[in-house]
Amino acid sequence: MCKRKLIQCFLGIAGLAIIVALSGCAKQKTYGAVKFTSNPAGAEVVNLKDDATLGNTHTPLVVFWEAEEGKAEYVTVQLRKAGYREEITSFWVNTRHETREDAEQEAQPIIVDLIKRNKK
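In my numbering, each residue's number is its place in the sequence shown (first place is 1) plus 203.
Here is the structure:
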């Protein structure tokens with residue numbers, strides 16, 4: 204009888220250890236936001252990693268990043284506007300916020316001055 208209780212106790216502890224270990228594997232999503240502003244406004248923002256246009260509008264524009272457990276991401280974007288030179292900028296997105304709303308409240312400002320092209 205004592206041996207049986209010992210085995211049950213061991214199995215209970217082992218089960219609890221497995222549950223604790225698995226709960227540590229579920230990574231919490233975190234969010235970061237960047238507010239792009241260009242001078243003049245109306246530039247398209249393109250992520251050069253995959254050549255995808257960010258957002259569905261032009262500057263000013265807030266874009267969100269999602270990560271696991273606050274992992275930062277290095278991003279390089281190009282701002283494009285007809286009649287202006289393309290500008291490239293790089294930055295780290297800090298994804299430390301638990302919600303998109305919190306991230307938007309503290310969106311990182313990225314401000315880019317566009318230079319008018321010379322007409323020939």
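Built from N, CA and C at the ideal position, the CB exists for glycine as well.
Since this is a predicted model, take the numbers as computed values, not measurements.
About 6 Å separates the Cβ atoms of V296 and V237, confirming a contact at the 8 Å cut-off. Annotation for Q231: no beta strand (DSSP E) segment contains it, and DSSP assigns it neither H nor E.
The C-alpha of R207 is placed about 14 Å away from the C-alpha of I216.
In this structure the segment 242-256 touches the segment 283-298; the number of beta carbon pairs closer than 8 Å is three or more. About 5 Å separates the beta carbons of T240 and I314, which is inside the 8 Å limit, making them a contact pair. For R303, the enclosing alpha helix (DSSP H) starts and ends at R303 to Q308.
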